[in-house]
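What follows is a short report on a single structure.
In this note's numbering, the protein residues as written are 4 to 237.
See the structure below:
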């Protein structure tokens, strides 16, 4: 992407799900922007609310729905003046899809952006690594079916390890999270040698700590950041 003038649109980011993933998303926005000075970077409003109820727990019926909090957060960003919205949390989009069309400004959908990137980087398909809530919701499966993309789903035993790795990132233990990811990726690739879609925004951080080759992962954080930058610098 060529150097460009500062975008006129303001990006509103609803973060905190979790905080480390949101911080990495903000870093990626800065890294990917075609800006050679501060003044040519996009204006971004970040509303970080880690108190939003757990999205996966709600999907499996073990917690309060976060829908009202998500809607309130996005409407708050619109009220601040955001022209474009992004939420660096995959599972949250199950609830956002229920009111996305009611929002007065566009929202960059992380699932659509990630599968779009996956189709380019690995046309033959990829493994889906996500929270149990995202997996149960069918968010990725439905979008993959719509665009004709092949997704490999991990067995239940591997899903438990994925969730453990995610929770370790949230708890600040990247080292152990990376070890778990390294082991489970080796197991999955022995079955089918395809890259991993990191369809939870903690998973790119865990994968980064694993020591595995970067080209073996398709990051939902990078996909969302790329799509936001492309939209802002039209």
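Ideal Cβ positions, reconstructed from N, Cα and C, are used throughout, including at glycine. Only a predicted model underlies this, so the values are computations on that prediction, with no experimental measurement involved.
Where residue i sits in the DSSP three-state scheme
i: residue 55; result: coil
i: residue 12; result: coil
i: residue 239; result: Past the edges of the chain, shown from 4 to 237, lies residue 239, and the structure says nothing about it.
i: residue 237; result: coil
i: residue 50; result: strand
i: residue 101; result: coil
i: residue 20; result: coil
i: residue 4; result: Low confidence applies here, because residue 4 scores a pLDDT of 45, under 50, leaving its location unreliable; read the following figure in that light. Correct three-state label for residue 4: coil.
i: residue 224; result: helix
i: residue 81; result: helix
i: residue 165; result: helix
i: residue 89; result: strand
i: residue 174; result: coil
i: residue 26; result: helix
i: residue 73; result: helix
i: residue 197; result: coil
i: residue 191; result: helix
i: residue 111; result: strand
Sub-8 Å separation of residue i and residue j beta-carbons
i: residue 135; j: residue 63; result: yes
i: residue 91; j: residue 151; result: no
i: residue 24; j: residue 235; result: no
i: residue 113; j: residue 73; result: no
i: residue 174; j: residue 209; result: no
i: residue 231; j: residue 33; result: no
i: residue 207; j: residue 27; result: yes
i: residue 185; j: residue 154; result: no
i: residue 55; j: residue 29; result: no
Contacts around residue i, its chain only, beta-carbon distance under 6 Å, and the 5 residues preceding and following it disregarded
i: residue 4; result: The predicted position of residue 4 is uncertain, since its pLDDT is 45 and thus under 50; a value taken from the coordinates is nonetheless stated next. Counting only Cβ-Cβ distances below 6 Å, and skipping sequence neighbours, we find 37.
i: residue 22; result: 53
i: residue 68; result: 61
i: residue 179; result: 171
i: residue 140; result: 62, 97
i: residue 156; result: 131
i: residue 58; result: 69, 94, 95, 136
i: residue 187; result: 161, 164
i: residue 219; result: 198
i: residue 102; result: 74
Neighbourhood of residue i by C-beta, 7 Å cutoff - its chain only, sequence neighbours within 5 removed
i: residue 115; result: 146
i: residue 125; result: 197, 198, 221
i: residue 3; result: Residue 3 cannot be examined here, being either before or after the span of the chain that is shown, 4 to 237.
Cβ distance (whole Å) where residue i is taken to contact residue j below 8 Å
i: residue 226; j: residue 143; result: Going by Cβ atoms, the distance from residue 226 to residue 143 rounds to 12 Å, so no, they are not a contact pair.
i: residue 31; j: residue 228; result: 4 Å
i: residue 94; j: residue 137; result: 5 Å
i: residue 8; j: residue 43; result: 6 Å
Chain-order list of residues whose beta-carbon lies under 8 Å from that of residue i (same chain, five-residue window excluded)
i: residue 77; result: 15, 17, 88, 90, 99, 106, 110
**Report entry** Touching by the beta-carbon criterion (3+ pairs, under 8 Å), the stretch 8-19 and the stretch 40-51
**Finding:** yes
Query raised in the report: Do the stretch 126-133 and the stretch 154-162 make contact, defined as three or more Cβ pairs closer than 8 Å?
Result: yes
Report task. Tell me, please, whether the stretch 73-84 touches the stretch 103-115 by the rule of three or more beta-carbon pairs shorter than 8 Å. Result -> yes
Query - Cβ contact check for the stretch 119-130 and the stretch 188-200: 3 or more pairs under 8 Å - result: yes
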